[in-house]
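A.B. asks: I have a structure here, written as structure tokens, and I will follow up with some questions on it.
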Ligand code: ADP
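Numbering (my numbering), first residue to last: 6 to 760.
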């Protein structure tokens with residue numbers, strides 16, 4: 006029966022053999038079931054191979070049940086099949102372990118191996134006497150395969166730390182150990198049943214270990230999945246943060262863009278979103294209005310076709326016109342450049358508009374145009390002034406000559422003095438025009454504005470009364486003097502009065518003009534008001550532009566107010582328009598800055614402009630003045646006037662109308678003084694001087710130039726370089742006398758010095 010170990014008897018009677026084999030088979034079926042399930046669950050190749058191994062092993066056990074009875078002699082076929090089953094089981098186990106080890110074994114090699122073992126089993130069963138001879142190598146093989154599987158699980162345990170893997174490693178090791186010893190165990194009847202029972206226990210142990218391993222793997226993969234989930238969550242949070250910050254950046258860019266950005270619905274142009282600049286452009290910073298239509302803020306372009314109503318058509322219209330006027334919420338307007346593009350907004354089609362304000366640019370462009378026109382005006386004024394100088398010189402000169410005559414009645418003398426006064430003012434104005442046209446500063450003195458106004462009114466009163474109108478003053482006597490050029494201010498007042506008179510011509514008589522003065526804050530004000538129709542709002546911005554006039558051709562030049570504007574700017578003041586609150590017509594306000602007056606104010610009359618006429622009779626010519634004077638001027642009237650003036654002064658004039666003629670005269674005769682015009686056609690003053698000095702070097706000290714262009718820098722530079730005296734046109738008798746006498750005296754002084 007069996008041997009007895011002291012204390013523990015592990016032997017079972019041979020009758021138990023069948024039961025032990027069945028038990029072992031059952032446990033193997035547990036394993037087959039388990040491995041098949043795992044195979045289904047994980048689809049790993051080594052589970053398939055191991056399932057095969059267990060199946061072959063189960064087959065072997067089944068065959069063993071048949072031969073487990075007493076005295077049953079196994080047939081060679083059964084023996085061969087049994088050997089082959091064990092061999093196939095060993096090969097599958099080995100193969101599975103190799104795959105588990107990632108060794109990628111060749112299938113054909115294992116196929117051949119199985120075939121070889123099949124042949125070996127056949128040879129063993131049919132040709133070998135001793136069964137042990139074939140069993141030992143085959144069971145050794147399955148034992149080694151199991152040991153290799155044990156090794157694979159051991160390594161797995163080391164790598165991943167699973168307890169199940171460690172248990173499996175032990176299980177397979179002992180199971181292999183058992184199988185390797187099986188050929189010897191089966192020879193002992195006492196041990197064989199115990200052997201099968203032990204293998205059943207080991208197989209159960211392997212099954213349980215496998216379950217533990219699977220559970221551990223599941224737990225670990227859960228943990229991994231959880232960790233991944235957590236890291237994905239934190240990644241998601243990081244991404245969300247990035248999205249938020251990108252959106253914030255975009256919002257910032259959008260909001261702080263210098264251009265207005267407005268997104269509107271493509272359907273009805275309702276505003277869906279806009280940035281701060283857009284809000285400002287529409288004047289909607291503080292408006293609670295929800296989604297107004299952009300269309301209501303855009304004014305039709307006056308000279309272009311009206312804006313269409315529909316969204317798409319309106320968008321195309323905007324793209325075509327490009328520049329429009331935006332009318333803000335408060336009614337004010339601005340010029341803008343607008344461009345747009347079709348976009349998607351919240352899943353609906355929309356238009357995105359970019360709007361740039363160009364009001365400032367338009368203003369600058371207008372200023373530039375104004376400056377260009379002013380410069381054209383300057384050139385024109387300069388030309389006109391030159392042309393006026395000669396006739397003015399003739400008028401002034403002859404009036405002076407007539408006034409010098411004896412026997413004039415008081416009435417004629419008085420009238421002539423008025424002509425002299427006004428022509429002198431005209432001459433001063435012409436020189437002011439020249440200065441204004443060239444941007445030269447004017448001659449400013451302390452001016453009593455009240456007296457200046459009274460003088461202008463006095464001068465214009467008779468004319469104003471004649472046409473049935475009235476002019477009154479309301480002057481604040483306490484105002485300070487203004488630093489101003491009295492002639493220029495007088496010019497402004499005259500222009501304003503003329504305009505008022507003209508504006509009231511069609512109104513019921515009497516038209517009324519009132520001039521007021523006041524000192525307010527740091528400014529002095531002159532207000533010129535009338536009872537005319539005033540200036541319509543639409544032309545108000547244009548009246549100060551040069552050449553803007555509503556008067557008929559030949560009546561208005563459109564220069565009066567622009568000159569007034571220029572003069573006031575030169576005085577650091579300004580001229581503005583408003584409606585007269587009392588008279589109902591126009592009111593022009595002249596504002597002068599209050600500055601410290603550096604010299605005594607000119608109380609009586611503006612220097613030069615309204616100079617006192619000379620009442621004294623002309624001084625008798627001095628007999629000793631018999632000096633010979635050569636007069637050169639291309640204008641015959643001027644030349645004759647000069648000749649008459651010189652004769653009156655007692656000199657002997659000789660008149661020439663061209664430079665050539667004068668050079669000829671200089672060759673033949675001796676002249677004490679040469680009086681030459683500067684601007685002449687053909688040979689001008691400069692050329693004449695050069696040629697004359699070439700002829701007689703001494704001419705350089707005898708020449709006096711006459712010019713209406715004294716402010717011309719080029720002329721001034723030339724005159725300075727030659728040191729010749731100069732008399733400005735229009736000239737007065739007194740000036741001519743002074744200049745000629747000065748040359749003669751210089752010569753007298755020079756002659757003894759030479760001797
Ligand atoms: P001009 O008098 O030659 O037309 P201005 O520059 O002096 O040129 O005036 C420009 C325009 O301003 C005038 O044509 C007129 O329409 C308008 N204007 C000027 N003054 C008055 C006024 N007192 N009342 C009404 N309109 C005026």
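Idealized CB from N, CA, C, for every residue including glycine.
What you are looking at is a predicted structure, and each value in this text was computed from that prediction instead of being measured.
In terms of alpha-carbon separation, which member of 135, 343 and 601 lies closest to residue 192?
C.D. replies: 135
A.B. asks: Compare the C-alpha of residue 145 against each of 156, 702, 181 and 113 and name the closest.
C.D. replies: 181
A.B. asks: Between 249, 709, 64 and 593, which has its C-alpha nearest residue 26's C-alpha?
C.D. replies: 64
A.B. asks: Between residue 493 and residue 461, which are expected to be in contact by the criterion C-beta below 8 Å, what is the C-beta distance as a whole number of angstroms?
C.D. replies: About 12 Å; that fails the 8 Å criterion.
A.B. asks: State yes or no: is the C-beta of residue 659 nearer than 7 Å to some heavy atom of ligand 1?
C.D. replies: no
A.B. asks: Where does residue 741 sit, in a helix, a strand or coil, going by DSSP?
C.D. replies: Residue 741 falls in the helix class under three-state DSSP.
A.B. asks: Between the segment 200-218 and the segment 33-48, do three or more beta carbon pairs fall short of 8 Å?
C.D. replies: Under the three-pair Cβ rule at 8 Å, the segment 200-218 counts as touching the segment 33-48.
A.B. asks: Nearest-angstrom Cα distance between residue 22 and residue 199?
C.D. replies: 8 Å
A.B. asks: How far does the alpha helix (DSSP H) with residue 82 in it extend, from its first residue to its last?
C.D. replies: Counting along the chain, residue 82 sits inside the alpha helix (DSSP H) bounded by residues 81-105.
A.B. asks: Ligand 1 and residue 585: does any heavy atom of the ligand fall closer than 7 Å to the residue's C-beta?
C.D. replies: No, since every heavy atom of ligand 1 falls outside the 7 Å radius drawn around the Cβ of residue 585.
A.B. asks: Looking at residue 593: is its Cβ nearer than 8 Å to the Cβ of residue 533?
C.D. replies: yes
A.B. asks: Starting from the C-beta of residue 528, find all residues in its chain whose C-beta is less than 7 Å away, skip the five residues before and the five after it, and write them out in chain order.
C.D. replies: Setting aside the 5 residues that flank it on each side, residue 528 is surrounded in the same chain by 596, 597, 598 and 599, each with a C-beta closer than 7 Å to its C-beta; the list follows chain order.
A.B. asks: Can you check whether the CB of residue 346 is closer than 8 Å to the CB of residue 270?
C.D. replies: no
A.B. asks: What does residue 522 pair with, by DSSP beta-bridge criteria?
C.D. replies: 531
A.B. asks: State buried or exposed for residue 405, treating a residue as buried only when at least 16 other CB atoms are found within 10 Å of its CB.
C.D. replies: buried
A.B. asks: What does a CB cutoff of less than 7 Å around residue 148 pick up in its chain, not counting 5 residues either side in sequence?
C.D. replies: 181, 182, 184 and 185
A.B. asks: Taking Cβ to Cβ, would you say residue 143 is nearer than 8 Å to residue 208?
C.D. replies: No.
A.B. asks: Does the Cβ of residue 452 lie closer than 7 Å to at least one heavy atom of ligand 1?
C.D. replies: no
A.B. asks: Tell whether a beta-carbon distance below 8 Å holds between residue 363 and residue 332.
C.D. replies: no
A.B. asks: What did DSSP end up calling residue 264 once you bin it into helix, strand or coil?
C.D. replies: coil
A.B. asks: Measuring alpha carbon to alpha carbon, tell me which residue in 744, 288, 294 and 313 is nearest residue 300.
C.D. replies: 313
A.B. asks: Please confirm whether residue 161 and residue 152 have their CB atoms less than 8 Å apart.
C.D. replies: Taking 8 Å as the Cβ cut-off, residue 161 and residue 152 do not qualify as a contacting pair.
A.B. asks: Please report the residue range of the beta strand (DSSP E) in which residue 582 lies.
C.D. replies: 579-584
A.B. asks: Give, in chain order, every unbroken run of the beta strand (DSSP E) that is at least 3 residues long and sits entirely within the segment 449-473.
C.D. replies: 450-452
A.B. asks: By alpha-carbon positions, which one of 497, 483 and 459 ends up nearest to residue 489?
C.D. replies: Of 497, 483 and 459, the residue nearest in Cα terms is 497.
A.B. asks: Are residue 694 and residue 708 touching if we call contact CB-CB under 8 Å?
C.D. replies: yes
A.B. asks: Do three or more CB pairs link the segment 43-55 to the segment 92-105 at distances below 8 Å?
C.D. replies: The answer is yes - the segment 92-105 touches the segment 43-55, with three or more Cβ pairs under 8 Å.
A.B. asks: Mind checking which residues open and close the beta strand (DSSP E) that includes residue 661?
C.D. replies: 657-661
A.B. asks: Which residue wins for smallest C-alpha separation from residue 272, given the options 241, 316 and 297?
C.D. replies: 316
A.B. asks: At which residues does the beta strand (DSSP E) containing residue 350 begin and terminate?
C.D. replies: 338-350
A.B. asks: Excluding five sequence neighbours on each side, which residues of the same chain lie with their C-beta closer than 8 Å to the C-beta of residue 672?
C.D. replies: 700
A.B. asks: Spell out the partners DSSP gives residue 682 in its beta bridges.
C.D. replies: 711
A.B. asks: Kindly indicate which residue of 518, 652, 631 and 298 has the alpha-carbon position closest to the one of residue 588.
C.D. replies: 518
A.B. asks: Any contact between the segment 653-667 and the segment 412-420? By contact I mean 3 or more CB pairs, one from each, below 8 Å.
C.D. replies: no
A.B. asks: Does the beta-carbon of residue 417 have 16 or more other beta-carbons within 10 angstroms, so that it is buried, or is it exposed?
C.D. replies: exposed
A.B. asks: Please report how far the alpha carbon of residue 5 lies from the alpha carbon of residue 725, in whole angstroms.
C.D. replies: Because residue 5 is not part of the residues shown, which for the chain are 6 to 760, the question remains open.
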